[in-house]
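Chains as they are written, first to last, in my numbering: chain A, 3 to 46; chain B, 175 to 400; chain C, 215 to 471.
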Amino acid sequence: MKDLGFILASWLATLGSIGVLAALTIRRARELSRQVPDDAKPWV
Amino acid sequence: MNVALSIARKDLQIEWRTRMLLARVVPFALLVMVLFAVALDSEPLVLRAAAGLVWLAMLFSTMLVVQRAFDIETADAAIDTLLACAVHPARVFFGKALALFVQLFALVVVLVTAAIVLYGVTVSGSRVVLLVTVVISATSGLALVGTLYGAVVANMNGRDSLLPLLALPVLAPLLIGASRATEAAFGSQTIDMANGWAWVGLLGVYGIVFGAAGSAAFSPLTESDS
Amino acid sequence: MSIYTATAAVPGAAARTGTRTTRVIGVLALVTTAFVVVSAFFLTPADSVQGDSVRIMYAHVPTAWVAYLAFITTAVASGFSLARRHRTLGFDRVAGASGEVGVLFMAMTLLTGSLWGRLTWGTFWQWDPRLTTTLFLFITYVGYLAVRRIDTDPRQRARRSAVIALLAVLEIPLVHFSVVLWRSLHQEASVLSPDGDVRLDDLMLFTLFAGVAAFTLIFAWLVIHRQRLTALADIRQTVGLDAAIALRRSETSGVVK
Numbered sequence: 003m004k005d006l007g008f009i010l011a012s013w014l015a016t017l018g019s020i021g022v023l024a025a026l027t028i029r030r031a032r033e034l035s036r037q038v039p040d041d042a043k044p045w046v
Numbered sequence: 175m176n177v178a179l180s181i182a183r184k185d186l187q188i189e190w191r192t193r194m195l196l197a198r199v200v201p202f203a204l205l206v207m208v209l210f211a212v213a214l215d216s217e218p219l220v221l222r223a224a225a226g227l228v229w230l231a232m233l234f235s236t237m238l239v240v241q242r243a244f245d246i247e248t249a250d251a252a253i254d255t256l257l258a259c260a261v262h263p264a265r266v267f268f269g270k271a272l273a274l275f276v277q278l279f280a281l282v283v284v285l286v287t288a289a290i291v292l293y294g295v296t297v298s299g300s301r302v303v304l305l306v307t308v309v310i311s312a313t314s315g316l317a318l319v320g321t322l323y324g325a326v327v328a329n330m331n332g333r334d335s336l337l338p339l340l341a342l343p344v345l346a347p348l349l350i351g352a353s354r355a356t357e358a359a360f361g362s363q364t365i366d367m368a369n370g371w372a373w374v375g376l377l378g379v380y381g382i383v384f385g386a387a388g389s390a391a392f393s394p395l396t397e398s399d400s
Numbered sequence: 215m216s217i218y219t220a221t222a223a224v225p226g227a228a229a230r231t232g233t234r235t236t237r238v239i240g241v242l243a244l245v246t247t248a249f250v251v252v253s254a255f256f257l258t259p260a261d262s263v264q265g266d267s268v269r270i271m272y273a274h275v276p277t278a279w280v281a282y283l284a285f286i287t288t289a290v291a292s293g294f295s296l297a298r299r300h301r302t303l304g305f306d307r308v309a310g311a312s313g314e315v316g317v318l319f320m321a322m323t324l325l326t327g328s329l330w331g332r333l334t335w336g337t338f339w340q341w342d343p344r345l346t347t348t349l350f351l352f353i354t355y356v357g358y359l360a361v362r363r364i365d366t367d368p369r370q371r372a373r374r375s376a377v378i379a380l381l382a383v384l385e386i387p388l389v390h391f392s393v394v395l396w397r398s399l400h401q402e403a404s405v406l407s408p409d410g411d412v413r414l415d416d417l418m419l420f421t422l423f424a425g426v427a428a429f430t431l432i433f434a435w436l437v438i439h440r441q442r443l444t445a446l447a448d449i450r451q452t453v454g455l456d457a458a459i460a461l462r463r464s465e466t467s468g469v470v471k
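1) Taking 9 Å as the threshold (C-beta atoms), are GLY385 of chain B and PHE268 of chain B in contact?
2) Measuring only between beta-carbons, confirm whether PRO368 of chain C sits less than 9 Å from chain A.
3) In this structure, how does DSSP classify VAL405 of chain C when only helix, strand and coil are distinguished?
4) Taking the continuous alpha helix (DSSP H) assigned at PHE319 of chain C, which residues delimit it?
5) With a threshold of 9 Å between beta carbons, is ALA25 of chain A in contact with chain C?
6) Taking a Cβ distance cut-off of 7 Å, strictly less, list which residues of the region 314-327 of chain C are near chain A, in chain order.
7) Whole angstroms are fine: how far does the CA of ASP448 of chain C sit from the CA of ILE312 of chain C?
8) When the Cβ atoms of the region 204-217 of chain B are set against those of the region 272-292 of chain B, are three or more pairs found closer than 8 Å?
9) Answer yes if the region 350-361 of chain C comes into contact with the region 33-45 of chain A, meaning at least three C-beta pairs across the two stretches below 8 Å, and no otherwise.
10) Kindly confirm or deny that the region 25-39 of chain A and the region 224-232 of chain C touch, where touching means at least three C-beta pairs closer than 8 Å.
11) Where do the N-terminal and C-terminal ends of the alpha helix (DSSP H) with THR246 of chain C fall, by residue?
12) When burial is assigned at 16 or more other CB atoms within 10 Å of the CB, is VAL268 of chain C buried or exposed?
13) Alpha helix (DSSP H) containing THR296 of chain B: first to last residue?
14) Excluding the 5 residues flanking LEU17 of chain A on each side, which residues of the same chain have their C-beta closer than 6 Å to its C-beta?
15) How about ALA273 of chain B and ASP185 of chain B: are their beta carbons less than 9 Å apart?
16) Between which two residues does the alpha helix (DSSP H) containing ILE365 of chain B stretch?
17) Taking all protein chains shown into account, decide if ILE9 of chain A is buried (16 or more other Cβ within 10 angstroms of its Cβ) or exposed.
18) List in chain order: all unbroken beta strand (DSSP E) runs of 3+ residues lying wholly within the region 334-389 of chain B.
19) Provide the residue span of the alpha helix (DSSP H) that contains PRO363 of chain C, from first to last.
20) Please state if the CB of LEU303 of chain C and the CB of ALA372 of chain C are separated by a distance shorter than 9 Å.
21) Which residues of chain C have a Cβ atom closer than 8 Å to the Cβ of ARG32 of chain A, listed in chain order?
22) Are the CB atoms of VAL377 of chain B and VAL308 of chain B nearer to each other than 9 Å?
23) Applying the 10 Å Cβ sphere with the 16-neighbour rule, what's the burial state of GLU189 of chain B?
24) Could you give the DSSP three-state label for ASP416 of chain C: helix, strand or coil?
25) For GLY316 of chain C, collect the residues of the same chain with a Cβ closer than 7 Å to its Cβ; drop the 5 residues on either side in sequence, then sort them by chain order.
26) Under a CB-based cut-off of 9 Å, is LEU257 of chain B close to chain C?
27) From this set, C:PHE420, C:ALA434, C:ILE438, which residue's C-alpha is nearest MET271 of chain C's C-alpha?
28) Flag LEU340 of chain B as yes if its beta-carbon sits less than 9 Å from any beta-carbon of chain C, otherwise no.
29) For ILE246 of chain B and SER295 of chain C, I'd like the C-alpha separation in whole angstroms.
30) For the alpha helix (DSSP H) holding ARG222 of chain B, just list the boundary residues, first then last.
31) If you measure from the beta carbon of GLU465 of chain C to each beta carbon in chain B, is any gap under 9 Å?
32) On the DSSP bridge list, what partners appear for ASP261 of chain C?
33) If the cut is a Cβ gap below 8 Å, which residues of chain C does ARG36 of chain A touch?
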C-alpha cells in the first residue's frame, strides 16, 4: 500500500485520541461515582 | 433611543476625562504599525500590506478599548444599577457600541493618516468615497462585535486573554473584507474598485448580523442572579 | 472547587455513569468502528485518482460530520438552556460535553485533512476559504471551552457560554458558503473528495456511511457519559456541602449540651 505511514498516522491519531478521551472519561466516572450515593444519580 | 445616546455620552465623557485612548491606545496602535514596517523591512512589501496592517492594528487596539469600556461598568457594579433602572438591555448595547464606534473611528483616522505618512499610501478622487465608506462600515462592525464579546467576558477572571481568543476569530471575516476593500481604496493593482465595493457589502451584512445578535444577546449576558 | 467537596467514598454508591442504553451504544460503536477500519484498509479498493490516500477519507469525512453535529448539538442545548430557566444547568452540561467532543473531532478533521492534503495536493495546508474558515471555527470552540473552564457562578457562566455557542454556530454556514463567496480553488479540489464528482463504488460509499454511523455512535456515548460526569461533579459539591453543614450543626449542638 502506498503512503501507508500517512494513512496509519491518520487513523491512529483519530482512534487513539478518541480512545484516550473515552478512557479518561471512564476513569473519572469511576472516581466520582464512588463519592455520590446512587439515589442522587438521576440516571439510575 | 435617548437612553442609548445618554449611555454613549456617559462613556465618552469618562473617556474624555481619563484620556485612555489618547494616552495609551493611540500610541500602542502607532507602535504596532511601526513594528510591522520594521518586521517586513521592505518598502514595496509594506505598501502592499498597508491595508491589512491598518486593520490588524485596529483589531488589536479594539481589544484594549473594549476591555476598558466594560471595566468601567463592572467596577462598582455600575451596569447592574443601570439595568435596575429598567433600561432595556438592547439600548445599553447600542449605547456602548456607539461610544466604542466614536473612539475607534478617531483611532482609524489616525491609523490611515499614519499609513499615508509612514507607508507611502496614496488616496485620491473617487477612492476617497470608498475609503470613507469602508472605514465607517468596518468600524461599526468592530464596535458591535467588540461590545458583544466585551459583555461576554465582562467581570470574568482572565478576561484580558479570553477576549482576544473569543473575538478575533469572529472578527476574521471583517478583517478580510475591510482589508480587501481598503486595498482597493489605496489603489492596489490586484483588486479593483468594483470588487472593493462588493467587500463593503459583506461588511454591511456582517454589521447587521452582529447588531441583531448583540441586541438579542445583551439581556442574558447582563442578567445577574444575585 | 469548593472546600466542602467530599473526596471519600460514600456508602450506597455502586452505580457508575453507564446504563443499559450506553452499553448498547458502546458495543454498536465498537463493532461498526471495527468494520470501518477493516473495510478502509483491506476491503475497499484504492481510488482511481487519489490512490490509497482515499483511505484517510474514511476517517476524515466522519470526524468532520461529527464535529458539525456536535457544534449544532451544543447550539441547540444552549438555546434550551437560555429558554428553560429552571433547567439551565442540565442543558448547559449537555452543551459543554458536546462542545468538548466536537473540538476533539474537529482537531482530528484538520489533522487527517492536512495529511491527506500532503499526499494529494503536496502541501499540509492551503490558505483556502474552507480550510481557513474551518480553522477559525475550531479556534472559536477552543475559546468556548476556555470560557466553560472559568471558575465563576455556574448560572452566569451557563448563560454566557450559551451566547458564545449560539454565535459560534453561525460560522458553520460561513464555512459552507465561503467557497462560493471567495470563489476559490477548493471547489476544484473537492472534486477529488468523496462529495465531488468522482464515482465511488458501492463498498466505498457504504464504508463512508458506516464511518459516519460509527463516529456518531461514539459521539453519543461520549456525550452521555461526559454529561453525567459533570452532573456527578455538581451533585458531589452539593452533597459535600450538605454534609459539611450537618457536621457544623452537630458540633454546635454539642457545645450547647
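Glycine residues also receive a C-beta, built at the ideal position from the N, C-alpha and C atoms. Computed from a prediction, not measured in an experiment: that's the story for all the values here.
In terms of the structure at hand:
1) Residue 268 of chain B sits at position 94 when you count from the first residue of the second sequence. Residue 385 of chain B sits at position 211 when you count from the first residue of the second sequence. Cβ distance < 9 Å, so PHE268 of chain B and GLY385 of chain B count as in contact.
2) The residue labelled residue 368 of chain C in the question sits at position 154 within the third sequence. Closer than 9 Å: no.
3) Sequence index remark: in the third sequence, residue 405 of chain C carries index 191 (1-based). The predicted model places VAL405 of chain C with a pLDDT of 40, which falls under 50 and marks its position as unreliable; any figure quoted below should be read in that light. Reduced to three states, the DSSP call for VAL405 of chain C is helix.
4) Numbered from 1 along the third sequence, position 105 holds the residue referred to as residue 319 of chain C. Following the DSSP letters along the chain, one finds PHE319 of chain C inside the alpha helix (DSSP H) bounded by residues 302-334.
5) Start at 1 with the first residue of the first sequence, and residue 25 of chain A comes out as number 23. Not one chain C Cβ lies under 9 Å of ALA25 of chain A.
6) Answer set for the region 314-327 of chain C: LEU318, MET322, LEU325, THR326.
7) To locate residue 312 of chain C, count along the third sequence from 1; it is residue 98. To locate residue 448 of chain C, count along the third sequence from 1; it is residue 234. The sequence shown places Ser at residue 312 of chain C, not Ile. A straight line joining the alpha-carbon of SER312 of chain C with that of ASP448 of chain C spans about 17 Å.
8) The region 204-217 of chain B vs the region 272-292 of chain B: in contact.
9) When C-beta atoms of the region 33-45 of chain A are compared with those of the region 350-361 of chain C, fewer than three pairs fall below 8 Å, so the two segments do not count as touching.
10) Flag = yes, the region 25-39 of chain A and the region 224-232 of chain C touch.
11) Here residue 246 of chain C refers to the residue found at position 32 when the third sequence is read from its first residue. Here the alpha helix (DSSP H) through THR246 of chain C covers 234-252.
12) Counting from one through the third sequence, the residue named residue 268 of chain C turns up at place 54. Buried is the label assigned to VAL268 of chain C, since at least 16 other Cβ atoms lie within 10 Å of its Cβ.
13) Position 122 of the second sequence, counting from 1, holds the residue named residue 296 of chain B. From DSSP, THR296 of chain B is part of no alpha helix (DSSP H); its letter is neither H nor E.
14) The sequence position of residue 17 of chain A within the first sequence is 15, counting from 1. Beyond the five residues adjoining it in sequence on each side, LEU17 of chain A comes within less than 6 Å, by CB distance, of no other residue in the same chain.
15) On the second sequence, position 99 is the one that residue 273 of chain B refers to. On the second sequence, position 11 is the one that residue 185 of chain B refers to. For ALA273 of chain B and ASP185 of chain B, yes; Cβs fall inside 9 Å.
16) Taking the second sequence and counting its residues from 1, one reaches residue 365 of chain B at position 191. Where ILE365 of chain B is concerned, there is no enclosing alpha helix (DSSP H), given that its DSSP letter is neither H nor E.
17) Mapped onto the first sequence, residue 9 of chain A falls at position 7. With 16 or more other Cβ atoms within 10 Å, it is buried.
18) Positions of the beta strand (DSSP E) runs, each at least 3 residues long and wholly inside the region 334-389 of chain B, cannot be given because no such run exists.
19) Against the third sequence, residue 363 of chain C aligns to sequence position 149. At residue 363 of chain C the sequence reads Arg, which differs from the Pro that was named. Neither: ARG363 of chain C is in no alpha helix (DSSP H) and is coded neither H nor E.
20) Residue mapping note: residue 372 of chain C aligns to position 158 of the third sequence, counting from 1. Residue mapping note: residue 303 of chain C aligns to position 89 of the third sequence, counting from 1. With a cutoff of 9 Å on beta-carbon distance, ALA372 of chain C and LEU303 of chain C are scored as near each other.
21) On the first sequence, residue 32 of chain A is found 30 positions in, with the first residue counted as 1. The contacting residues are ARG230.
22) In the second sequence, counting from the first residue as 1, residue 377 of chain B sits at position 203. In the second sequence, counting from the first residue as 1, residue 308 of chain B sits at position 134. Residue identity check: residue 377 of chain B is Leu in the sequence provided, not Val. Yes, these two residues count as a Cβ contact at 9 Å.
23) Walking along the second sequence from the start, residue 189 of chain B turns up at place 15. Buried is the label assigned to GLU189 of chain B, since at least 16 other Cβ atoms lie within 10 Å of its Cβ.
24) As a working note, residue 416 of chain C is residue 202 in the third sequence. Of the three classes helix, strand and coil, the one that applies to ASP416 of chain C here is helix, per DSSP.
25) Residue 316 of chain C sits at position 102 when you count from the first residue of the third sequence. Spatial neighbours of GLY316 of chain C in its own chain (CB-CB distance under 7 Å, excluding positions within 5 residues in sequence) are listed in chain order as ALA281, ALA284, PHE285, THR288, TYR355.
26) Along the second sequence, one-based indexing puts residue 257 of chain B at 83. No, LEU257 of chain B lies away from the interface with chain C (no Cβ there is under 9 Å from its Cβ).
27) As a first step, residue 271 of chain C is located in the third sequence; it is residue number 57 there, counting from the start. The residue with the shortest Cα to Cα distance from MET271 of chain C is C:PHE420.
28) Position 166 of the second sequence holds residue 340 of chain B. Answer yes: the Cβ-Cβ gap between LEU340 of chain B and chain C drops below 9 Å somewhere.
29) As a first step, residue 246 of chain B must be located in the second sequence, where it is residue number 72. As a first step, residue 295 of chain C must be located in the third sequence, where it is residue number 81. Looking at the two C-alpha atoms, the distance is approximately 29 Å.
30) Residue 222 of chain B sits at position 48 when you count from the first residue of the second sequence. Under the DSSP assignment, ARG222 of chain B falls in the alpha helix (DSSP H) whose first and last residues are 217-248.
31) The residue you call residue 465 of chain C lines up with position 251 of the third sequence. By this cut-off, GLU465 of chain C is not an interface position.
32) In the third sequence, counting from the first residue as 1, residue 261 of chain C sits at position 47. The partner list for ASP261 of chain C (beta bridge, DSSP) reads C:GLY265.
33) Walking along the first sequence from the start, residue 36 of chain A turns up at place 34. Taking a Cβ-Cβ threshold of 8 Å, the residues of chain C close to ARG36 of chain A are ALA223, VAL224, ALA227, in chain order.
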